[in-house]
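A.B. asks:
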Amino acid sequence: MKPFAGIGVEILAVVVLGCCAWIGLTADAVETNQMASVKPVPEGAEVIVLGAGCFWCTEAVFQQIPGVLSVTPGYMGGHVKNPTYEMVCTGDTGHAEVARVVYNPKQIALEKILDVFWEIHDPTSLNQQGNDAGTQYRSAIFYYTDAQKAVAEKSKAEAAKEFTKPIVTEITKAGEFYPAEGYHQDYYRLNKDRNPYCQIVIAPKLRKLHLKE
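For the sequence shown, our numbering begins at 211 and goes up steadily by one.
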């Protein structure tokens, strides 16, 4: 039998090419290129920005975590102002695909959020998650306060005990956050029945955490 025989061309494209390449194959990918707005932070809430590979996956998971108030896919950590998805996909802007997670610390501690973070990706993989490769897919925690930095460093040290290879996750002071284009927002919920990437890559992460698919 030939390799990949019987696999549909759309699914094969996901397996071989990954997230960025799939956008170029999807007719509906350019429904709107307008950047989304940054959701407000309610009084008493806190923000942490996480890079765990493709931000569709990160958003889909954290949207379902109790105590998380909002999740916004976007870009952080680069040197170009107002980057677009296409620019970030080249790896030349220095940005990582990230999810801006707004949470209520009275409902969920940052430690618990980071426990989920370590579960949903491979933090020992440098600049790559599965077939998504490049510095834009690097593992990263962008903190806003010294207290968050301390929690992140302690969490990383604890997580390191669970892996046989060194964790390469960067822990960096948050810079300017750029929300991604509108078609990236709420991606899994809106596209899970029409983009094979959702079922091949994202759904297994949700099942692993016993979350709704």
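Every residue, glycine too, gets a C-beta built ideally from N, C-alpha and C.
If LEU416 sits next to VAL278, beta carbons under 8 Å apart, how far is it from one beta carbon to the other, in whole angstroms?
C.D. replies: Incorrect: roughly 14 Å between the Cβ atoms, too far for contact.
A.B. asks: Entirely within the stretch 314 to 365 and at least 3 residues each: give me those beta strand (DSSP E) ranges in chain order.
C.D. replies: Here the runs fully enclosed are 349 to 353.
A.B. asks: Less than 7 Å between C-beta atoms, sequence neighbours within five positions excluded: which residues of the same chain meet that for PRO414?
C.D. replies: Excluding residues within five positions, none has a Cβ falling inside 7 Å.
A.B. asks: Tell me whether the beta-carbon of GLN274 lies closer than 7 Å to the beta-carbon of LEU421.
C.D. replies: It is a contact, given that the beta carbons lie within the stated cut-off.
A.B. asks: Kindly indicate which three-state DSSP category ARG310 falls into: helix, strand or coil?
C.D. replies: ARG310 falls in the strand class under three-state DSSP.
A.B. asks: For GLY263, which residues from the same chain have a beta carbon less than 6 Å from its beta carbon, with the 5 sequence-adjacent residues on both sides left out?
C.D. replies: Result list for GLY263: HIS331, GLN339, ASP342 and TYR347, in chain order.
A.B. asks: For ALA362, which residues in the same chain have their Cβ closer than 6 Å to its Cβ, ignoring the five residues on either side in sequence?
C.D. replies: Excluding positions up to five away in sequence, the list reads ILE351, TYR353 and ILE381.
A.B. asks: State the Cα-Cα distance for the pair ALA357 and LEU320, rounded to the nearest angstrom.
C.D. replies: Near 10 Å, if we compare the C-alpha coordinates of LEU320 and ALA357.
A.B. asks: Could you check if ALA360 is buried or exposed, using at least 16 other CB atoms within 10 Å of its CB as the buried criterion?
C.D. replies: Result: exposed.
A.B. asks: Going by beta carbon distance, what residues of the same chain come within less than 7 Å of ASN401, once the five residues before and after it are set aside?
C.D. replies: If we look at ASN401 and ignore the five residues flanking it on each side, its Cβ neighbours are CYS408.
A.B. asks: At the level of alpha carbons, what is the spacing between ARG399 and LYS375?
C.D. replies: Between ARG399 and LYS375, the C-alpha separation is close to 33 Å.
A.B. asks: For LYS383, count neighbouring Cβ atoms within 10 angstroms of its own Cβ and tell me buried if that reaches 16, exposed if not.
C.D. replies: The residue in question, LYS383, is exposed, as its Cβ has fewer than 16 Cβ neighbours within 10 Å.
A.B. asks: Please list the terminal residues of the continuous beta strand (DSSP E) segment that includes THR382.
C.D. replies: Its beta strand (DSSP E) spans residues 380 to 383.
A.B. asks: Can you look up PRO276 in the DSSP assignment and give me helix, strand or coil?
C.D. replies: Note: PRO276 maps to coil in three-state DSSP.
A.B. asks: Does the beta-carbon distance from THR268 to PRO389 come in below 7 Å?
C.D. replies: Contact flag unset, no.
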